[in-house]
Amino acid sequence: MESQHQKHTARKPLEITCTNPSCFFCSMNEQAPSIRRAKIVQCFKELPLREDQENVLVLSGLFNIAINQPDDPEFPSLGVFECMTKLIQRGISDKEWLLRDQNIYIPYYAAHIIGSYTMNKAHFAEKAVRSGVVLPLMELLRGKISWVEQRVAVRALGHLASHEKTFEAVALHEVEIIGLTMKIACECFEVVYEKFVGLKEKKRVKYHCDLLTRGLGGLELENRKAEEWASQLQCWSLYLLNCFACKERCLNLICSEDFLKIVCDMWGGLANHTSPAGIGLIRTLCNTKAGREHVAKLKRVIESLCNVSRSSDDWQYVAIDSLLLLLKDQDTRYEVIDTAALFLVDLVELKTLRGRKRLGEAITQTLLQDYHKIKYGGLRLKNKKAERALEEIWDMKVEKIKREKLMSEQEMKERELSVYVLKQEANTKFWSGNIEKAVKKYTKALDLCPLKMRKERIVLYSNRAQCYLMLKKPEAAISDTTRALCLSGTVNSHSKSLWRRSQAYDMKGLAKESLMDSSTFISSRMKSKRKKRVKIPYYAAVMINKQMNATWPFNHARSKRCKRHKEQVEKSKVAMDNKSVRGMPTIMEEKWTEKTWKRRKLERARRRKKEFHVTVGLTHISTGNE
C-alpha cells in the first residue's frame, strides 16, 4: 500500500529546476531586492566570458526591456554598459566565437541596448561613455560585421552625441565619424539592396532575415522591413551629422558640394519621425554663417528647398525657414532671391503652418525688405521674372490693400458682382473648350476680386489651375494651386487644388511632391466624408501607385545593378565574337568536337585489334578543355 507522501508526490506536476547558479532569468525572478541586484551584477560580469548557448536569449530579453523601459535606471546602474561593451569587442575580435551557435546576434542586440538606454537620459549616456562604449561602436560603424550592426551603431552614437556632456567623447573621432556617416547616408540603400533586397530568398543571410521579421519570415515582410531599416540607417546618419552641424563642427566636410546635392533629396520622418531629414540638415547649416555661404552657391539645393516649400511635405515649414535664413543674410540674399522669389510669391498669404503663425507676413517682409532699392534706387536683379514677382507682392500686399480701404461700400458690391459674372463667363468658356479665353476671364476676375473674398479667390485660382493643366503649363498650375491652398482655412486642405497640383508635379517629373499631394488629397477626402467606408478614387490610387514606384528608394541601386549586368553581357558577347574570329570553337562546336573525338578514338582501337596498319590523316580539333 502506497504511503500518503508517495501519493502526494505522484499528484504533483513535474518541476524543472535550473542548475545554472548565475542564470540571468533566475536572478530576475529573485524576490529579495538586494540579492536580486547582486545576482544581476554577477550575471553582467560573467556573461561576456561564458560559452553558453543561452547568451542570445539573455541579450534578446535585455533588448526587449531596454526598448520598453529605456528610462529605467536599474540595469544602467548595475553594469549593463560594461557588459555590452565587452560583448561587442568579443564579437569583433573573435570571429570563431561570433560564428558559433547563435552568437552572431549578440553584437546587434548589445549596440541596440546601448542606444536605447542613452536615448533620453544624459546621466545614462555619461555612464555609457565611462564604460568605454564609443570604441566598439566605432568598430561597428566601420562595417566590421554588416550593415545591420552599422544601423544600431550609428543610432547609439547619435544619441551619445545629442547630449551636451557626452558630445566631446564622440567628437574625438569627428573626422572619421563624419566621413563614415556621410558615406552611409549616401550609399545605404545601395548597400542594403546589394546585400539583402536584391538577393534571392535562399541567398539572404539568415540572421538578417530573423532580425528583420522577428522570426515571422516571409519575403514580402522581409523586403518591407529592409526598406524601413535602410531608411532608418539614413535617418540616423543624418541625425548624427546634424549633432555636429549644430555645434558648427567640421562644417567644411559636411558642406561638401557633392554631398549637399544628394542630401537635399533625402527623405526623413517616414520611418523615424525624429529625424531632421535632408532638409532638416540643410536648415541647420543655414543657421550658421559658413553653412549659408556653401548652400547659397548650390542652385540644385535652392531649387529643392523651393519645391518642398510649395508642397504638402511634412518638412514644408523647414524648407521655408531655410530660404528665409538665406534671404535675411545680406551676403547670400542676392545669390538666392532670383530663384526663391519665384516660389515664395505663392506663399505670401499663408497663415499658420505647423504652429508658426503669420508665416505669410514673415515671407512678405523678408522679400520686400529692400524693394525700395529695386523700385527707386536702380538696383536690378539678374532674373527679370524675380523682379516681376516682387512687384506683384508689393501690389497685392501694399497697393491693393490701400485701394480697397478707399473704396466705398457701393464700389465693393459692384466689384463682387463683376467677379461673379466673370467667373460664370469663364466657366462657360471652359466647358465649351475655349481654355485660353477662360484663363483670361479667370485672371480678370482675380484682379477685381477683393482680398477679403478668400473663398471666391480659392475657387478662381483652382479653376485657372485646371485650365493651365489642360494647356500643359504645369508651373503655372502649381503656382495657382499653391495660392488656393494657402488661402484655405487649414493649410493644404482644399482637395481639388491638392489633386490638381499633384497632376502638375507629375507633369514636371517631381514624383515625391506629387506623391505627397496625392496622399494628402486622399486623407482630406477621408476626413471630409462622414461615412464609415470611404472609397479611394481610382484615378488617385493609380497616381499613388505610379509615384510610389517612381520614388522606391532602391530604384537607383536596382538600375545600377541592371546596368552592370548589361555591361557584363556585352563584354561576354564581345569575347565570344573575338573567339569566333580567331577560329576558336563556340559552345555548340565544343560539344560536337568532343563527341567526334571519342568516336574516332574508338575506331582506332578497333583497327589496332584487327591489326590493320592503315594510315589515316586525322584533322586535329582542339577543344576548350584542352
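All residue numbers for the sequence shown refer to the working numbering, where the first residue is 11 and numbers rise by one.
Heads up, the beta-carbon is just placed ideally off N, CA and C, and yes, glycines get one too.
Own chain, CB closer than 8 Å to residue i, minus 5 neighbours either side, in chain order
i: A171; result: F177, V180, A181, L250, C253, F254
i: G290; result: L248, N252, G278, W325, V328
i: V144; result: L167, L170, A179, V180, L182, H183
i: K439; result: I445, K447, A448, K451
i: S582; result: none
Own chain partners of residue i with C-beta closer than 6 Å, once the 5 adjacent residues on each side are dropped
i: F199; result: A240, P563, F564, A567
i: D490; result: Y471, R474, A475
i: N393; result: D348
i: L72; result: I123
i: S534; result: S503, S505
i: M192; result: F269
i: R413; result: none
i: S569; result: none
Residues near residue i in its chain [Cβ-Cβ closer than 7 Å; skip 5 each side]
i: E313; result: T349
i: H311; result: The residue asked about is misnamed: residue 311 is Val in this sequence, not His. The residues are L270, K271, C274, I292, V305.
i: C53; result: S32, F34, S37
i: V207; result: N233, A236, F564
i: N502; result: S322, L495, L508, T530
i: P58; result: C93, K96, L97, R100
i: I546; result: I532
i: I554; result: L525, S528, S529
i: K175; result: A132, E136
i: I468; result: A494, L497, S498, H504
i: G288; result: L248, V273, C274, D275, M276, G278
i: A281; result: Any reading at A281 must be qualified, since the residue scores a pLDDT of 45, below 50, and its modelled position is unreliable; the value itself is stated next. Counting only Cβ-Cβ distances below 7 Å, and skipping sequence neighbours, we find E238, S241, Q242, C245.
Check whether residue i and residue j have beta carbons under 8 Å apart
i: I488; j: Y515; result: yes
i: G189; j: W246; result: no
i: K506; j: S528; result: no
i: L151; j: A132; result: no
i: Y217; j: I114; result: yes
i: Q244; j: M276; result: yes
i: N65; j: I116; result: yes
i: R511; j: D356; result: no
i: L360; j: L352; result: no
i: Y118; j: S70; result: no
i: L294; j: C260; result: Looking at the sequence provided, one finds Thr at residue 294 rather than Leu. Contact: no.
i: A521; j: A551; result: no
i: E397; j: I384; result: yes
i: E211; j: L226; result: no
i: P460; j: E419; result: no
i: L333; j: L363; result: no
i: L374; j: I403; result: Here the sequence assigns Thr to residue 374, which means Leu is not the residue at that position. Yes, the Cβ-Cβ distance between T374 and I403 is below 8 Å.
i: L458; j: V429; result: yes
i: L400; j: L416; result: no
i: E56; j: I102; result: no
Under the three-state DSSP convention, the category residue i falls into
i: R390; result: coil
i: L363; result: strand
i: V215; result: coil
i: N78; result: helix
i: C33; result: coil
i: L280; result: Annotation note: pLDDT 43 at L280 (below 50); position unreliable, no value reported.
i: C196; result: helix
i: L308; result: coil
i: N65; result: helix
i: A42; result: coil
i: Q242; result: helix
i: M406; result: helix
i: L209; result: coil
i: G634; result: Below a pLDDT of 50, predicted positions are generally treated as unreliable, and G634, at 34, falls in that range; the measurement from the model is reported next regardless. It is coil, neither helix nor strand.
i: D111; result: coil
i: Q476; result: helix
i: L231; result: helix
Identity of the residue in the options nearest residue i by Cα
i: F91; options: V201, H122, I330; result: H122
i: K338; options: L315, R302, K309; result: R302
i: G499; options: K482, K465, P484, E419; result: K465
i: T298; options: I330, T342, A287; result: T342
i: V215; options: Q112, I45, K447; result: Q112
i: Y268; options: A521, K307, F85; result: Here residue 268 is Asp; the residue named in the question, Tyr, does not match the sequence. Checked all of A521, K307, F85; the closest Cα to D268 is K307.
i: E61; options: G365, R110, C196; result: R110
i: Q63; options: R46, L108, L231, R47; result: L108
i: S156; options: T128, E204, S141; result: E204
i: E238; options: V202, Q557, K213, C265; result: V202
Interface flag, residue i vs chain B, CB-CB below 8 Å
i: W325; result: Protein chains in the displayed structure number just one, and chain B is not present.
### Query
Where are the alpha helix (DSSP H) runs, 4 residues long or more, that stay fully inside the stretch 155 to 185, in chain order?
Qualifying alpha helix (DSSP H) stretches, in chain order: 157 to 172, 177 to 181.
### Message
To test your reading of the DSSP string, which unbroken alpha helix (DSSP H) runs of 4 or more residues are found completely within the stretch 498 to 579?
### Response
Those alpha helix (DSSP H) runs which fall completely within the stretch 498 to 579 and span 4+ residues are 505 to 518, 521 to 538, 548 to 560.
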